[in-house]
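Protein chains: 2
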Amino acid sequence: MNEPGKPRSGTVGAEDVAARAGVSPSTVSRCFATPHQVRPETRARVLAVAEQLGYRPNRIARSLAQGRTHTLGLIVPDIANPFFAVITKAVQSRARRKDYAVFLADTDEHPDDEYELAHTLAGQVDGLLLVSPRMTGDHLAEIVHRVPSVLVNRDAAGIPSVTAPSDDGLRQAVAHLHALGHRHLALILGARNSWSSEQRGHAVRFAAEQLSLKVTEFGPHEPKFHTGTQVADLALAAGATAVIAHNDLMALGVLSRLADRGVRVPDDVSVVGADDTLLATTSTPALTSVRIPLNALGERAVDLMLHRLANPDTKTPHRTVLESELIVRRSTGPAPRKDA
Amino acid sequence: MNEPGKPRSGTVGAEDVAARAGVSPSTVSRCFATPHQVRPETRARVLAVAEQLGYRPNRIARSLAQGRTHTLGLIVPDIANPFFAVITKAVQSRARRKDYAVFLADTDEHPDDEYELAHTLAGQVDGLLLVSPRMTGDHLAEIVHRVPSVLVNRDAAGIPSVTAPSDDGLRQAVAHLHALGHRHLALILGARNSWSSEQRGHAVRFAAEQLSLKVTEFGPHEPKFHTGTQVADLALAAGATAVIAHNDLMALGVLSRLADRGVRVPDDVSVVGADDTLLATTSTPALTSVRIPLNALGERAVDLMLHRLANPDTKTPHRTVLESELIVRRSTGPAPRKDA
DNA sequence: TTGAAAGCGTTACCAC
DNA sequence: GTGGTAACGCTTTCAA
Chain G
18 MNEPGKPRSG TVGAEDVAAR AGVSPSTVSR CFATPHQVRP ETRARVLAVA
68 EQLGYRPNRI ARSLAQGRTH TLGLIVPDIA NPFFAVITKA VQSRARRKDY
118 AVFLADTDEH PDDEYELAHT LAGQVDGLLL VSPRMTGDHL AEIVHRVPSV
168 LVNRDAAGIP SVTAPSDDGL RQAVAHLHAL GHRHLALILG ARNSWSSEQR
218 GHAVRFAAEQ LSLKVTEFGP HEPKFHTGTQ VADLALAAGA TAVIAHNDLM
268 ALGVLSRLAD RGVRVPDDVS VVGADDTLLA TTSTPALTSV RIPLNALGER
318 AVDLMLHRLA NPDTKTPHRT VLESELIVRR STGPAPRKDA
Chain C
18 MNEPGKPRSG TVGAEDVAAR AGVSPSTVSR CFATPHQVRP ETRARVLAVA
68 EQLGYRPNRI ARSLAQGRTH TLGLIVPDIA NPFFAVITKA VQSRARRKDY
118 AVFLADTDEH PDDEYELAHT LAGQVDGLLL VSPRMTGDHL AEIVHRVPSV
168 LVNRDAAGIP SVTAPSDDGL RQAVAHLHAL GHRHLALILG ARNSWSSEQR
218 GHAVRFAAEQ LSLKVTEFGP HEPKFHTGTQ VADLALAAGA TAVIAHNDLM
268 ALGVLSRLAD RGVRVPDDVS VVGADDTLLA TTSTPALTSV RIPLNALGER
318 AVDLMLHRLA NPDTKTPHRT VLESELIVRR STGPAPRKDA
């Protein structure tokens with residue numbers, strides 16, 4: 018494929034360095050892979066030559082020879098969604114610190130693409146991080162069988178996972194509203210098949226029941242801004258004095274519509290979001306929201322993955338469960354007095 | 018490395034398929050790489066066996082043999098920033114449609130990491146997409162020399178790029194405010210060494226001068242929310258009736274502080290953002306903002322890259338320039354009457 | 001149209 | 001410690 022005799026054109030290889038340094042390619046390889054296995058002087062000489070020639074070990078070739086790529090695959094439903102973007106950032110950052118590269122795949126919320134992409138990536142990564150996977154249990158099992166995987170923000174039997182149930186935070190939210198005198202709250206649900214939406218619904222219902230709070234539910238709904246604007250009117254009509262939305266985006270929709278109608282927040286109605294994204298901290302009024310430790314979610318996922326790669330024989334899949342918490346801001350306040 | 022004689026343990030290779038299908042590995046390879054070079058019946062048989070055995074060509078090995086990876090590298094300053102997240106999504110989506118995978122690297126706004134990461138990725142991708150690179154011109158030149166690159170949201174001599182100057186949109190914004198009767202506007206600048214911040218500053222200054230508008234500048238500032246809250250007071254004190262912020266996030270900060278002080282938007286003060294991110298559409302009031310065609314930015318970058326890879330001998334680096342436009346929403350309105 | 005064999009640039013095993 | 005050599009799994013001439 019190359020003219021024998023003539024020097025290779027583009028890149029400098031270990032062979033070139035070896036020749037110039039008076040050692041064998043093996044030694045050059047060792048200088049980069051297992052530096053302690055080579056005598057200091059030799060190593061110094063080799064590294065000097067390498068530096069001078071601008072030699073960098075070819076990671077592709079290394080991958081092929083070693084059978085591992087030092088790369089992690091990350092599959093997210095929508096990278097433009099701040100929720101996933103933050104997780105992605107954490108994963109990326111953590112992985113890099115551990116000298117792993119990251120393959121990113123955005124499925125655009127499409128379960129089938131998710132499955133197909135997982136297969137595509139499977140061949141070129143050491144492990145797969147699946148964030149909020151929507152794919153079916155069967156497909157999931159198949160993927161997990163083919164390549165080491167960690168589930169983020171979803172729980173499934175027999176698969177290592179990292180989750181942060183919003184239960185704690187939502188319970189706190191309900192208690193918070195109750196303490197402020199609210200007795201009737203509206204709950205806006207998320208997408209129909211969303212694992213987290215179901216979890217959140219349960220959590221609010223349960224907490225409200227404990228405190229004898231009335232709950233009016235709306236949804237399931239696509240977790241969009243305009244859904245919030247739409248439901249705001251319904252919640253008002255139902256007589257709720259507080260709204261808990263499935264996520265911040267929907268909560269902002271509520272905020273927007275209430276402002277349009279001249280309903281004051283939090284004086285007339287209190288609003289609670291979830292995920293505590295950038296949206297919550299930058300809105301006016303700032304949004305009381307349930308904080309999910311997204312950074313930790315991403316970092317722990319990487320750690321779990323790396324641990325698994327280092328100990329391939331671990332039997333029981335480790336499940337990491339993180340805690341959520343309520344962050345109180347300006348969008349929640351005392352319930353309006355009945356006689357007002 | 019493998020026990021000869023015994024079948025390989027983990028993956029099925031082209032050889033396995035070849036054996037079962039009664040052909041040579043070469044043919045199997047051709048069935049996947051250049052399907053038209055093999056007789057239909059043979060191909061069908063091979064593909065059937067491959068399907069049955071669950072064979073998937075090993076992309077790593079292919080990369081090594083071909084010398085190209087069918088992978089694009091994407092380097093962004095901050096994936097958690099909606100601006101870059103949207104570009105990333107577009108790149109990812111476009112690349113995948115063209116059957117390219119994407120390596121993601123987040124530099125966390127760190128110019129040195131940017132350079133180092135570029136070198137790391139250089140070896141394992143066919144091309145590099147550099148988004149808003151902060152690295153020095155020298156480093157940039159070095160990277161570009163080593164691997165085909167396209168600049169996104171930055172312009173540099175001799176390097177193909179895709180940009181969307183906010184000039185048009187900002188000129189429209191200034192005209193918009195002028196038409197509404199505003200005569201004194203505050204301009205909040207972005208980061209000190211930001212190429213786009215400089216561009217935007219010039220654009221506003223120039224447009225304002227044309228219309229004899231008074232401009233009071235603040236900054237350069239880190240483009241953060243709290244910067245906006247801080248500058249809001251200063252702008253008010255300066256007597257400006259309208260604020261143009263370097264981006265949506267800062268504009269939201271202004272909005273927040275104005276609300277705290279009881280200053281009404283847009284009745285008392287008008288506010289304009291830039292980038293038209295999710296933040297702008299979901300704020301209350303919704304933010305008038307300069308839309309940058311982020312999707313197009315990402316897609317065109319990929320197209321440009323792929324075009325370059327297909328025609329490596331192109332001399333003149335193509336520069337794609339996209340247009341921005343003002344999106345008018347609720348945060349801008351008539352200037353308050355002087356006698357009010 | 002198909003097969004044989006020589007790479008691609010490393011790593012890893014086995015002698016020395 | 002170091003060198004020789006066989007993989008890794010595929011692509012790609014070159015013949016047949």
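Here the protein sequences line up with chains G and C, keeping their order.
Using this note's numbering, the first residue of the first sequence is number 18, and each one after it goes up by one.
Using this note's numbering, the first residue of the second sequence is number 18, and each one after it goes up by one.
Glycine included, C-beta positions come from ideal geometry on N, C-alpha and C.
Residue i and residue j look like a contact to me (Cβ under 8 Å); what is the Cβ gap, rounded to whole Å?
i	j	result
Ala31 of chain G	Pro42 of chain G	5 Å
Ala259 of chain C	His199 of chain C	4 Å
Trp212 of chain G	Arg163 of chain G	Actually they do not touch by this definition, with Cβ atoms about 22 Å apart.
Pro99 of chain G	Leu296 of chain G	7 Å
Cys48 of chain C	Val29 of chain C	About 14 Å; that fails the 8 Å criterion.
Arg336 of chain C	Ser178 of chain C	5 Å
Ala97 of chain C	Val108 of chain G	About 12 Å separates the two Cβ atoms, so there is no contact after all.
Val288 of chain C	Leu253 of chain C	About 12 Å; that fails the 8 Å criterion.
Ala224 of chain G	Arg278 of chain G	At roughly 28 Å, the Cβ-Cβ gap does not stay under 8 Å, so Ala224 of chain G and Arg278 of chain G are not in contact.
Pro353 of chain G	Asp285 of chain G	6 Å
Ser149 of chain G	Pro94 of chain G	5 Å
Kindly say whether residue i, judged by its beta-carbon, lies nearer than 8 Å to any beta-carbon of chain C.
i	result
Phe100 of chain G	no
Leu146 of chain G	no
Pro128 of chain G	no
Phe120 of chain G	yes
Leu228 of chain G	no
Ser1 of chain G	In the structure displayed, chain G extends from 18 to 357; residue 1 of chain G sits before or after that span and is not available.
Val221 of chain G	no
Gly350 of chain G	no
Val286 of chain G	no
Arg25 of chain G	For Arg25 of chain G, the predicted structure reports a pLDDT of 40, less than 50, and the residue's modelled location is therefore unreliable. The matter cannot be settled from this model.
Gly22 of chain G	Interpretation of Gly22 of chain G is limited by its pLDDT of 34, a score under 50 that renders its predicted location unreliable; no figure is taken from the coordinates.
With respect to 7 Å, is the separation between the Cβ of residue i and the closest non-hydrogen atom of the ligand ATP below this value?
i	result
Phe101 of chain G	You won't find the ligand ATP in this model; it holds no ligand whatsoever.
Interface residues of chain G around residue i at Cβ under 8 Å?
i	result
Ile77 of chain C	Ile77, Ser80, Leu81, Thr86, Gly140 and Gln141
Determine whether the Cβ of residue i lies closer than 8 Å to any Cβ atom of chain G.
i	result
Gln109 of chain C	yes
Ala297 of chain C	no
Phe242 of chain C	yes
Arg317 of chain C	no
Asn19 of chain C	Only weak support is given to the placement of Asn19 of chain C: the predicted model assigns it a pLDDT of 36, under 50, and the value that follows is read from those uncertain coordinates. For Asn19 of chain C, the answer is no, since every Cβ of chain G falls outside 8 Å of its Cβ.
Thr301 of chain C	yes
His193 of chain C	no
Ala276 of chain C	yes
Val103 of chain C	yes
Could you tell me which chain C residues have their CB closer than 7 Å to the CB of residue i, listed as they occur along the chain?
i	result
Lys106 of chain G	Ile96, Ala97 and Asp123
Is residue i near residue j, with beta carbons less than 8 Å apart?
i	j	result
Leu206 of chain G	Leu230 of chain G	no
Val66 of chain G	Val34 of chain G	yes
Glu126 of chain C	Met152 of chain C	no
Leu146 of chain C	Gly90 of chain C	yes
Thr233 of chain G	Gly270 of chain G	no
Val358 of chain G	Ala318 of chain G	Limits of chain G in this structure are 18 at one end and 357 at the other, which puts residue 358 of chain G out of reach.
Asp143 of chain C	Thr88 of chain C	yes
Ile92 of chain C	Ala122 of chain C	yes
Asp265 of chain C	Leu304 of chain C	yes
Leu339 of chain C	Leu314 of chain C	yes
Thr299 of chain G	Phe242 of chain C	yes
Ile261 of chain C	Ala181 of chain C	no
Ser273 of chain C	Ala291 of chain C	no
Using a Cβ cut-off of 9 Å, pull out every chain G residue sitting near residue i, in sequence order please.
i	result
Tyr73 of chain C	Per the sequence shown, residue 73 of chain C should be read as Arg rather than Tyr. Ordered by position in chain G, the residues that pass the 9 Å Cβ test against Arg73 of chain C are His136, Thr137, Ala139 and Gly140.
Val29 of chain C	Chain G residues near Val29 of chain C: none, gap ~12 Å exceeds 9 Å.
Along chain G, in chain order, which residues have C-beta atoms closer than 7 Å to that of residue i?
i	result
Phe49 of chain C	Result: empty, since nearest Cβ-Cβ is about 13 Å, beyond 7 Å.
Leu269 of chain C	Thr299
Leu266 of chain C	Thr299
Original post:
Which whole runs of the beta strand (DSSP E) in the stretch 191 to 216 of chain C are 3 residues long or more, in chain order?
Top reply: 201 to 205
Original post:
At what residue ranges does the stretch 139 to 198 of chain C contain a whole run of the beta strand (DSSP E), taking only runs of 3 or more?
Top reply: 144 to 148, 166 to 169 and 178 to 180
Subject >> Complete runs of the alpha helix (DSSP H) confined to the stretch 252 to 296 of chain C [at least 4 residues] >> reply: 265 to 277
Original post:
Which parts of the stretch 37 to 105 of chain G are runs of the beta strand (DSSP E), unbroken and 3 residues or longer, counting only runs that do not cross its ends?
Top reply: 88 to 93
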